[in-house]
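Numbering (this note's numbering), first residue to last: 12 to 1254.
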């Protein structure tokens, strides 16, 4: 069983195992299981709190300290901070039934009489609590453990959820007596406390989360299994089949998921909710969009891994077919690019997601999902472009032909864009990416080029920034059109929603009923109550007036104001009824006008009519009220906050809102009836875009928005570039980890070795760039953190000082004006005076007596609704009452809203404290977050620009610094012995100058040494040559001498066979003389080696000619195999190159073994910019002992010859920057390998 099979079997088993686990959970777990699981969790965690409380109360020392707590400020602070703030347990103490101490104001009992000893479940105004009471004589302690909040309404800060320390999920509710399927919660002693039930909609539970993750892991391992299977198929030479199988599998899975929407229907996954984004069948939600992009990435990554094998064929493509394939590849890349553009247009315009990258802190998780999708889409385009370039590289097309086809296609599309469709810069930028990618790929033979990659990333960022701005611009225009039609409408749905509750509450208000029963009652007190209790919050944006009429429709008090008949006439004239008693006045432009006719009754009769009139204020603002009091059902129109708008009637300004200052007359705004007109102008150095909507001939609405400047656009592009750069590094890291896992190479030692190798290979300029960027980034980060910390601290201090200064001034005026008017009394007049004074000072105020009880509040709704008890904050009361502080500022909390509150004591004429005045600063957190957010956004935008600028500046500076070193390196690489080496010119007298001086001195000394060496070598060469010539000549001269001596003796002895001998020796003499001539020619040719003429030579033709010369040799078979599918040109001397191959082929033929036919294979193939030639024979081979000497002049293994042939070949090949090597097996044959650099004659 192979390793790959084991891996695939494991992956398949994991996929099936996770799927079976998910199915088991789905089939076996029901809602009752969830109820019992969550119920048991609440009970278990509640018991922990009970144990802590009981241990605390059962400790005699603690109980004694609690009894004396009014005299122990340290112990009081400990209880408040440790129990209430940290453990969420509230303590109250009583002595003789009278309250002595409280640690929190969420729940406060006036008396402990109603509570029994031990545990009690208490439903309260703002929630449910478990009270644990411990008594000793007349002293008792009650600890309250919050269980679940129960507010009258919910919003961002008030949520009816269980206490976080009990359970975090929101699937349970407190059960009523008639509810079924409940889980009973008991205390640690087994006493029943309360029951919980499941909510109608169960969202996120442990089991649903576990099931979801099981399905996700099952699908992930299924994908990995199929991918691993396809990898095996591709490695066996079937890359196209493997790609097709993987693509069909992934696309089939996606289509099934889109058709059945199983995950969206079975799980509450927020990212799959179409309320955030929905476009069409294939993109029904943001989550599906992300999965589609990831699926496409998975397929493209596989294609990219086998891009060199996909178009690999045994038979090369023809020129025409290659051109068609190249054009189709370009068309595919462009189609995907434009499709990506359309998809992102839909993502921006068909969603309510903010993609304002210049306001990063206001971006939510949906925005970051969108940015992640953009990153993966950019990766997809990069993989597609690189894969297309790799596929095109296998086509028999020259770079010039590829460029001509690309430019031709570019011009055709350019003509179409200019004359027949919309032209934009995106087209040019995308073409530039293709051009740079192609140049980098063909220039560096498919190797990764960091410079080109970073430039492409920058262009991608510019495209993303420009497109994002364009899409947001189009979306914003459509949104502004909707706002214009909304502003034209005189209705306010949020106000109408509140009217339904307000009219019921007012009619049931005992204060209102008593007012109509008592003619002497204060009208101001009634108005104050209506404003503070019913018209606060959202309705504070309306000017409010109340009119009272008796049962005869006459004025209840006095005879001034508007007659009741006037309001009734408005009803008769067609005012729109929006609730049971509220009406909306028609034909209002630029404001909303509502009124209500409320019949006030007691149990027996009608007492009168209360008319409420609400008219929207001229400047539509929320007013000074805490968002705590706004019902979560009220949807604030946040879009209007980003705009200024104005109403014009008959050309005159009627109403305006926002920071843009409109003219009193509409002469600058010319609109068209029922049409939308956009215009631009510059006001006070800022550019604004205005939407002009003319409702009719008389009425005009203008909505204005400031236009982002060039700096914001640059910041946007810089931010996107940094995100893409970080994403690219992350992808590279994941790729490295993936390959390490595949190669079983995950070991710390390998990490360390890879790090050392990488750092050792890092260029000096790269180190400079990295050091510069790192130094600046670290400096900026440290500076930014310190700046953020100091500004945050200073602003908080500023807020505290402002609040303290304000309450100090208010208290001073309070002491002078209001104490004498008996403001401490709880009368209606006192409350009216208190609220009037608070309104004059523009502040929310609370007044407490010396026991911490609330007397008056400008926000009575907080106490009327039971959000907190009518008590002073316990810690603030401790500091003012016990510690006698003259002022104190504290951070308080109501629900999830934290805010500052300042307190000061009010004193009488005797300088004795008589009350405590509190000023809650409800908006301090929001103001802090807004200001700090504004600062951080500006800081991030500046840093993004600085990071990008520093990056490119570092490249520039590093290149400038290393240019002299590069010049020295180039000069050193070109320095050769035996030729003139030019000195380097450098005018500066610095470290580089000293180095260059040493280099110039070195080459001067080198030139002198080279001349001496050359002279010595020439002398030695001539000596060796003379010896060899003498040796070679001596061989034929010896038989010549012997022959002449024999002929001389025969002549003298009158040998009768002299003629025959003479003829025989004559032939021998001629052969020896021819041998001498051959020796002279060989040495002459070897001596002429330096005299070469370099030209562009077609290597295929030279090899073919050499093979043709010897193809008819006896007992010899010569094969020539050409594996290069393009022209092969080298820079060489054609004659010498031909002699080299002739020599090698001749040697191969002569190495034939006896009785064995000689087989000579000549193979040529191309690799990157090199051509490789192999000349292989099946001859006798070269003995191992002689292998190192075969290229030495005069060395030969044959019985005849000069030994200069291979020496000539080696020198000729090296003269054209080539390399020749060999591999031999004695008795089996020898293979010579020749590697020569190619030249591109068309480049």
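Where a beta carbon is used, it is the ideal one built from N, C-alpha and C, also for glycine.
In this structure, the alpha-carbon of residue 927 lies about 6 angstroms from that of residue 917.
A distance below 8 angstroms separates the beta carbons of residue 159 and residue 173. C-alpha of residue 817 to C-alpha of residue 675: approximately 36 angstroms in a straight line. Listed as beta-bridge partners of residue 1248 by DSSP are 1181. Shown here, residue 986 sits in coil according to DSSP, grouped into three states, outside any helix or strand.
With at least 16 other beta carbons inside 10 angstroms of its own, residue 110 counts as buried.
Judged by pairs of C-beta atoms under 8 angstroms, the region 732 to 739 touches the region 450 to 470, as three or more such pairs exist. Looking at the DSSP output, residue 116 shares a beta bridge with no other residue. For residue 386, the uninterrupted alpha helix (DSSP H) segment begins and ends at 376 to 404.
For the pair of segments examined, the region 388 to 395 was found not to touch the region 512 to 521: the number of CB pairs separated by less than 8 angstroms stays below three. Counting other Cβ atoms within 10 Å of its Cβ, residue 179 stays below 16 and is therefore classed as exposed. Per DSSP, reduced to three states, the secondary structure at residue 1242 is strand. Nearest to residue 18 by C-alpha distance, out of 198, 242 and 88, is 242. Secondary structure note for residue 891: it is in no beta strand (DSSP E), with a DSSP letter that is neither H nor E. Setting aside the 5 residues that flank it on each side, residue 491 is surrounded in the same chain by 702 and 714, each with a C-beta closer than 6 angstroms to its C-beta; the list follows chain order. For residue 480, the uninterrupted alpha helix (DSSP H) run begins and ends at 461 to 499, by DSSP.
Comparing alpha carbon positions, the residue from 1107, 957 and 1244 closest to residue 1146 is 1107. DSSP, reduced to helix, strand and coil, places residue 59 within a helical segment of the structure shown. Counting other Cβ atoms within 10 Å of its Cβ, residue 679 stays below 16 and is therefore classed as exposed. Across the set 262, 448 and 1250, the C-alpha of 448 shows the shortest separation from the C-alpha of residue 465. Restricting attention to 115, 45 and 152, the CA atom closest to the CA of residue 76 is found in 152. Counting only the Cα atoms, residue 843 lies some 56 angstroms from residue 298.
Taking the CA atoms as reference points, residue 720 sits about 11 angstroms from residue 727. The shortest CA-to-CA distance from residue 890 to any of 532, 81, 904 and 462 is the one to 81. Judged by pairs of C-beta atoms under 8 angstroms, the region 661 to 671 does not touch the region 571 to 589, as fewer than three such pairs exist.
The C-alpha of residue 135 lies about 22 angstroms from the C-alpha of residue 199.
Segment contact: the region 280 to 291 against the region 343 to 363, three or more CB-CB distances shorter than 8 angstroms; contact assigned.
For the beta strand (DSSP E) assignment, the uninterrupted runs of no fewer than 3 residues enclosed by the region 1141 to 1181 are, from N- to C-terminal side, 1169 to 1178.
Here residue 565 is exposed: its Cβ has fewer than 16 other Cβ atoms, across all protein chains shown, within 10 Å.
Between the region 396 to 416 and the region 327 to 337 there are three or more inter-stretch CB-CB distances shorter than 8 angstroms, so the stretches are counted as touching. Note: residue 241 is not bridge-paired with any residue in the DSSP secondary-structure output. In this chain, residue 37 is not harboured by any beta strand (DSSP E); it is covered by the alpha helix (DSSP H) spanning 14 to 39. In this chain, the beta strand (DSSP E) harbouring residue 626 covers 617 to 627.
In this structure, the alpha-carbon of residue 16 lies about 23 angstroms from that of residue 312. 8 angstroms or more divides the Cβ of residue 878 from the Cβ of residue 929. Between residue 374 and residue 724, the gap from beta carbon to beta carbon reaches 8 angstroms or more.
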